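Reading through the structure tokens given below for one structure.
Residue numbers (the numbering used here): 338 to 1286.
Spelled out as structure tokens, the structure:
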């Protein structure tokens, strides 16, 4: 049933694509469109943080009683700036507990509140509760509270509104589309006051960045703009002393938990054990009783201090309350008598305790892998574990070129197999040259923000040396069979140069298409392709066909002869690999929210037209420039060489012919002549013997030399007859021989009656000197042929790549703003989008290749350049880069192959939290502890991190 469902699904998908493209758009006013986007975002944020609240078990049985009170007055702004009444008696008390946070926020007239506290005191939990409570009370038109991690901000480089919009898009890619005014929809939501920023962890910024961040908040927030900010108490004090307070903000400070509150929470959440007389007891009871009775004991005093932090209470619950481990070890181990040591112990034991019941990964493996991820994030200075950025943890060259090197390695293995089978060394040499040119070109072109002008200059820097090599090494003659500038070059040099040129051309195509070094997840604008029940079989089939077809074509091209059985075997293996590549990340169910709503805004057909028009404009302009420069360099170099060569192939007396031409005579009597128009000819001293076929396959008369055997007879006729049955006429005469084209005949002769006809089989009777003289080109002809090939090839490459660029941009625009995103959902949609992109780009190239016969030769060659680009775009997509990273880290033992399943389980067990399409560690202190070097003392090392240092 799988293949049948795949075929039916593909037809359904095409129908859905057509319907989506041509159906009319729903017209809404700008305000209505922004309101709908805000409502959809509110639903997604609510679902996300409700799930996080449950995963952290904050409702089981109830959250800790986090309390706060007003901070010292010097940390707040002036009373009149906050909007407090002049009389203190009328000022509300800002003290409160977790369930009262929105009420306290409402007391502040300026609607700006800064929450301070010690590390682990519950600031993030309070920010999440504030977000959820506001969403529960939200009415139509109210701003959407959105939780931002301050660690992702670079206030010295990013303004506030741009950072807010970027972080919204990172978690909800559907808001990257254009809004009513033409700007990014997320940015318009921020600009119109439809977002309430909840900024968590100002202390996670560097020292100077904190002061800069407060400055940006003060200068870029308008009067009346709300804000909720959290920060460590000591850090905020330093920021105020070094800079300024947060304008118009009231400040509260979280208070430590009381020991009895923490003790009551631990006993309520611990597993019960049988006590004396069948009474309910827990493993914590004797430990807590010891702390009460021995307040002066060093370990008891340390435990009392550690349990003042809600984070440590949660760690203690996970390590001891949910397991059979006896918390009495906290009293026995004297090395834990310092608060820092005890906190590290609880953080180190948290991950193994969380994975204790996992059927797939044990605690030691999970600990080692999470350490690797934590160190990767610490080096990058971020809290966001984005799957599309995991390739940045690869060693230096693999970060950028990993997918290309992987494709190249597979291709090189196939070519080496062909060479070992006795098919010659051309295939592996050309494959290596193509890979080198592709990697060099992509490394130069795949720069973010380079701009079209800079990209063209970098492309020319790669192209000019190769073009000069072609011009310096190419024969100064024309190949009548394949009239391209690089035809006839010395084998090894030709293989290397042409292969590198091909690779650079593919890289230029990628540059026009817009394949960058840092791809972000993309979403297709076709809901039917994302929601159809059997879509998994559809993508398996597309991937299998997409990989199998090039493999079969490459095998048929490189291996001769090749049997049908071999081709079927190659197709089967390649299809299996393609299907396997898309199999791994669908095992974990993902909540995707409500079904997609009907979209609004401009129609898909109009957006497709604009994307294609823009792609064609860029592609044709870039192709024309690159093709012209290539032609000028190749033609100029070759023409310069031609201008310095001798007039004739050997030294002899130059004679004048009756038509004012010139000629020399070789020792054997062969005349080498050149006519006034520059055309060359030879005339042998001995007569040519053969027959003239009146009509050879409908192509007109052909002279067949007598020396041509039946197997080489181009007309295939028997003795005395042509293919059409006409009588062959015998001819014996001294005839002039000239060079023609592939259409008119590579070699032509002038018959005694003055007719010039093709001479089939005569080319084999010409030596190298005679052949090079016949195909010799003048400097002007060399420049003309180079210009013809270069411009046709550049424009052909620009047209196909530009059209593909339009499809690439159109299919990659995220348009669905109503889904609740998740890392796995974004991975699936990016994979599906990448496969469709690659398939359509390859299809466009193949359709253009069907018109090779009517296209100029340069344009025909250009279509061949673009054919593999579809596969390369898939490899360089965000999903393709993750696939490369998974292969590397799995082979080195740093991460499991089922990476997304591992991260999903870590999320379910409370080690990670989800923030839109990215994961984050549960708490910054947990990430810092896992990333610290001394964390390895309690467990296995990860054997290195694989990152460049």
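Ideal placement from N, C-alpha and C gives every residue a C-beta, glycine not left out.
As the structure is a prediction and not an experimental result, all values here were calculated from the model.
Identified DSSP bridge partners for residue i
i	result
residue 564	449
residue 1258	1249
residue 524	None; residue 524 has no bridge partner.
residue 405	433, 591
residue 1075	1085
residue 537	486
residue 1040	1029, 1096
residue 569	454
residue 722	1256
residue 1178	DSSP, once it has assigned bridges, lists no residue as partnering residue 1178.
residue 532	481
residue 414	Answer is none; residue 414 lacks a bridge partner.
residue 515	521
First and last residue of the uninterrupted alpha helix (DSSP H) at residue i
i	result
residue 817	That residue, residue 817, is in no alpha helix (DSSP H); it is neither H nor E in DSSP.
residue 783	Segment: none, residue 783 is in no alpha helix (DSSP H) and carries neither H nor E.
residue 467	460–474
residue 584	Where residue 584 is concerned, there is no enclosing alpha helix (DSSP H), given that its DSSP letter is neither H nor E.
residue 392	367–392
residue 1107	1105–1111
residue 498	497–508
residue 843	828–850
residue 704	700–717
residue 546	544–557
residue 442	438–444
residue 740	733–755
For residue i, the first and last residue of its enclosing beta strand (DSSP E)
i	result
residue 1086	1084–1087
residue 1069	1066–1070
residue 688	Taken as a continuous stretch (DSSP letters only), residue 688 belongs to no beta strand (DSSP E), being part of the alpha helix (DSSP H) at 676–691.
Whole-angstrom C-beta distance between residue j and residue i, which should lie under 8 Å
i	j	result
residue 1143	residue 859	About 15 Å separates the two Cβ atoms, so there is no contact after all.
residue 379	residue 475	6 Å
residue 636	residue 671	7 Å
residue 576	residue 551	6 Å
residue 1074	residue 1000	The Cβ separation is near 13 Å, so there is no contact.
residue 366	residue 1248	Not really, about 45 Å apart at Cβ, beyond 8 Å.
residue 563	residue 533	5 Å
residue 460	residue 498	The pair is not a contact, with the Cβ atoms about 24 Å apart (cut-off 8 Å).
residue 540	residue 464	The pair is not a contact, with the Cβ atoms about 13 Å apart (cut-off 8 Å).
residue 1137	residue 839	Incorrect: roughly 15 Å between the Cβ atoms, too far for contact.
residue 1199	residue 850	The Cβ separation is near 14 Å, so there is no contact.
residue 1029	residue 1065	7 Å
Residue i: CB within 7 Å of a non-hydrogen atom of the ligand GDP
i	result
residue 455	You won't find the ligand GDP in this model; it holds no ligand whatsoever.
Counting Cβ pairs, one atom from each stretch, are 3 or more of them under 8 Å apart for the segment 534–553 and the segment 384–395? no
Pick out the complete alpha helix (DSSP H) segments inside the segment 1194–1229, 4 residues or longer, and give them in chain order. 1194–1203, 1206–1212, 1215–1228
Could you give the uninterrupted runs of the beta strand (DSSP E) lying entirely in the segment 984–1034, keeping only those of 3 residues or more? 999–1002, 1008–1011, 1017–1020, 1025–1030
Length-filtered (3 minimum) beta strand (DSSP E) runs lying within the segment 585–672: 587–591
Using 8 Å as the threshold, is the segment 1120–1137 in touch with the segment 958–970, meaning 3 or more CB pairs across them? yes
Assess, as a yes-or-no matter, whether the segment 649–659 is touched by the segment 686–695 under the definition of 3 or more beta carbon pairs within less than 8 Å. yes
Would you be able to state if there are at least three C-beta pairs under 8 Å between the segment 397–416 and the segment 582–598? yes
Measuring CB atoms only, is the segment 1212–1228 touching the segment 721–739, in the sense that at least three cross pairs come out at less than 8 Å? Touching, per the Cβ criterion.
Evaluate contact between the segment 599–607 and the segment 440–448, counting only Cβ atoms and requiring at least three cross-stretch pairs below 8 Å. no
Does the contact criterion of 3 or more C-beta pairs under 8 Å hold for the segment 609–628 versus the segment 420–439? no
Could you check whether the segment 989–1003 touches the segment 1023–1039, counting it as contact only if at least three pairs of C-beta atoms, one from each stretch, sit closer than 8 Å? Counting C-beta pairs with one atom in each stretch, the segment 989–1003 and the segment 1023–1039 have fewer than three that are closer than 8 Å, which means they do not touch.
Can you confirm whether the segment 742–756 touches the segment 1201–1221 when touching is taken to mean that 3 or more C-beta pairs between the two stretches lie within less than 8 Å? yes
For the 8 Å Cβ check, are there 3 or more pairs between the segment 1245–1260 and the segment 691–701? yes
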